[in-house]
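So the structure is just underneath, and the comments pick up after that.
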Amino acid sequence: MRTPPDIPRRIIDWFAANGRELPWREPGFPAWGTLVSEFMLQQTPVARVIPRLAEWLERWPTPEDLAKVPAGEAVRAWANLGYPRRALWLHQAAVEITERHGGIVPDDVDALLALTGVGDYTARAVSVFAYGSRHPVVDTNTRRVLARAIDGDGEPGPPSARRDLAALENLLPDDLVDAHAFNAGIMELGAIVCTARNPRCDDCPIADACAWRRAGYPPFEGKRKTVQKKYEGSDRHVRGLIMAELRAAHLPVTVREINSLWADAAQRDRALAGLVADGLAVQQEQGYVLP
DNA sequence: GATTCGTGGAC
DNA sequence: TGTCCAAGAAT
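Following this note's numbering, the numbering of the first sequence begins with 1233 at its first residue and continues without gaps.
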């Protein structure tokens, strides 16, 4: 597939002029802050992350500060960001950084990948955005831009780290500063212009080079990512109700209180057992508490 | 590779 | 109103 050589340059220039001012893009923002922000941004929109991130960094300015409090404090401060296991994992990562890296967030992708809760995206995002190293960083926004502009598809297929990283590496500038700006810029383009629904192609710096647009926006026919199950009435729903109760309580939550949250006993027990297995709830004599 | 895992806003 | 989707990771 033909790829105009100036696509990276145009995205870099567009990003310099149109990128949002976000906390983690401010000069001098600490690597720890970048790591925390990336954990929070895993499946949670930017607007909801910003206030929680500020609180978090004020309370725990370094990994060591977080590592020395109980994990339950992290889960409580996570509030309603969703997927509370991420709070548990971030706390564990802080412990690992304190024990294995002298309290300094590592800059090496492999060292980052070894941290709990850090995967292909987060490891590279921290290495690149916090430390300026040169790696492809591929998130859902980038995957969508590549699918459309390069492959001519309306949607990216199911993610594959190997393929996705190779696809971005093909476009990644050699220069360190340019590579950083391109990684950030293509993500930003996917986030605010090349959006999943109603893309704003009139504002796109590479619209004239976009394979999907050139082909007349054909409907997507490839394999779609698995559809999200309905939340209402699901196990996740019940887990969420229990977690909200645990976060709000400063005394053990009794079985009676948990029973009042959901009528279906089998589903309730399944959810509670799952939370205990995940380490998000701990059973005591009087009831359940955060870890 | 397919599933599971919260929460809330946008359309 | 219900569906879609959001800077993913672990299993």
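For each residue, glycine too, the CB sits at the ideal point set by N, CA and C.
Alpha-carbon spacing of residue i relative to residue j, whole angstroms
i: arginine 1432; j: alanine 1443; result: 15 angstroms
i: glutamine 1324; j: glycine 1251; result: 32 angstroms
i: aspartate 1340; j: phenylalanine 1452; result: 37 angstroms
i: glycine 1334; j: threonine 1427; result: 40 angstroms
i: leucine 1378; j: alanine 1399; result: 8 angstroms
i: leucine 1345; j: leucine 1285; result: 22 angstroms
i: phenylalanine 1261; j: valine 1358; result: 12 angstroms
i: aspartate 1440; j: aspartate 1383; result: 14 angstroms
i: glycine 1472; j: alanine 1311; result: 11 angstroms
i: arginine 1395; j: aspartate 1238; result: 22 angstroms
i: arginine 1308; j: tryptophan 1321; result: 13 angstroms
i: aspartate 1297; j: alanine 1509; result: 26 angstroms
i: threonine 1354; j: leucine 1483; result: 35 angstroms
i: alanine 1362; j: glutamate 1517; result: 45 angstroms
i: leucine 1408; j: glutamate 1305; result: 38 angstroms
i: arginine 1376; j: valine 1350; result: 22 angstroms
i: glycine 1597; j: threonine 1348; result: This structure gives no information on residue 1597, because the portion of the chain shown stretches from 1233 to 1523.
i: glutamate 1328; j: proline 1450; result: 47 angstroms
i: arginine 1479; j: proline 1293; result: 22 angstroms
i: aspartate 1342; j: aspartate 1496; result: 44 angstroms
i: valine 1425; j: valine 1514; result: 44 angstroms
i: isoleucine 1243; j: proline 1437; result: 7 angstroms
i: glycine 1364; j: histidine 1412; result: 6 angstroms
i: arginine 1494; j: proline 1338; result: Residue 1494 is actually tryptophan in this sequence, not arginine. Cα to Cα, tryptophan 1494 sits roughly 43 angstroms from proline 1338.
i: tryptophan 1264; j: proline 1295; result: 7 angstroms
i: leucine 1254; j: alanine 1498; result: 44 angstroms
i: glutamate 1331; j: lysine 1300; result: 11 angstroms
Counterpart residues of residue i in DSSP-defined beta bridges
i: alanine 1515; result: The sequence as given places glutamine at residue 1515; alanine does not occur at that position. Note: glutamine 1515 sits in a beta bridge opposite Tyr1520.
i: valine 1485; result: Tyr1520
Residue i in three-state terms, based on DSSP
i: valine 1470; result: helix
i: valine 1278; result: helix
i: valine 1370; result: coil
i: arginine 1500; result: helix
i: asparagine 1491; result: helix
i: serine 1359; result: helix
i: aspartate 1407; result: coil
i: valine 1205; result: The question about residue 1205 has no answer, for the chain in this structure spans 1233 to 1523.
i: cysteine 1433; result: helix
i: proline 1295; result: helix
i: aspartate 1440; result: helix
i: proline 1255; result: helix
i: phenylalanine 1452; result: coil
i: proline 1283; result: helix
i: asparagine 1415; result: helix
i: valine 1307; result: helix
i: isoleucine 1424; result: helix
i: leucine 1289; result: helix
i: glutamate 1477; result: helix
i: tyrosine 1353; result: helix
Residue interval of the alpha helix (DSSP H) (run including residue i)
i: alanine 1447; result: Counting along the chain, alanine 1447 falls outside any alpha helix (DSSP H), and DSSP gives it neither H nor E.
i: isoleucine 1382; result: Note, isoleucine 1382: premise wrong, no alpha helix (DSSP H); not H, not E.
i: glutamate 1270; result: 1263-1273
i: isoleucine 1536; result: Past the edges of the chain, shown from 1233 to 1523, lies residue 1536, and the structure says nothing about it.
i: asparagine 1250; result: 1239-1250
i: valine 1341; result: 1341-1345
i: glutamate 1401; result: 1393-1401
Checklist entry - Are the stretch 1260-1277 and the stretch 1310-1322 touching by the rule of at least three beta carbon pairs closer than 8 angstroms? => result A contact is defined here as three or more CB-CB pairs under 8 angstroms, and the stretch 1260-1277 meets this definition with respect to the stretch 1310-1322.
Checklist entry - Should the stretch 1443-1453 be regarded as contacting the stretch 1483-1497, the criterion being three or more beta carbon pairs within less than 8 angstroms? => result No, the stretch 1443-1453 is not in contact with the stretch 1483-1497.
Item to check | Inter-stretch contact at 8 angstroms, needing at least 3 Cβ pairs: the stretch 1420-1436 / the stretch 1394-1403 | outcome: Taking a cut-off of 8 angstroms for Cβ pairs, the stretch 1420-1436 and the stretch 1394-1403 do not touch, as fewer than three such pairs fall below it.
Next on the checklist: Taking 8 angstroms as the cut-off, does the stretch 1278-1294 touch the stretch 1457-1476 (at least 3 CB pairs, one atom from each stretch)?
Outcome noted: These segments do not touch.
Next on the checklist: Can you confirm whether the stretch 1241-1259 touches the stretch 1409-1422 when touching is taken to mean that 3 or more C-beta pairs between the two stretches lie within less than 8 angstroms?
Outcome noted: In short, these stretches touch, since the Cβ pair count reaches three.
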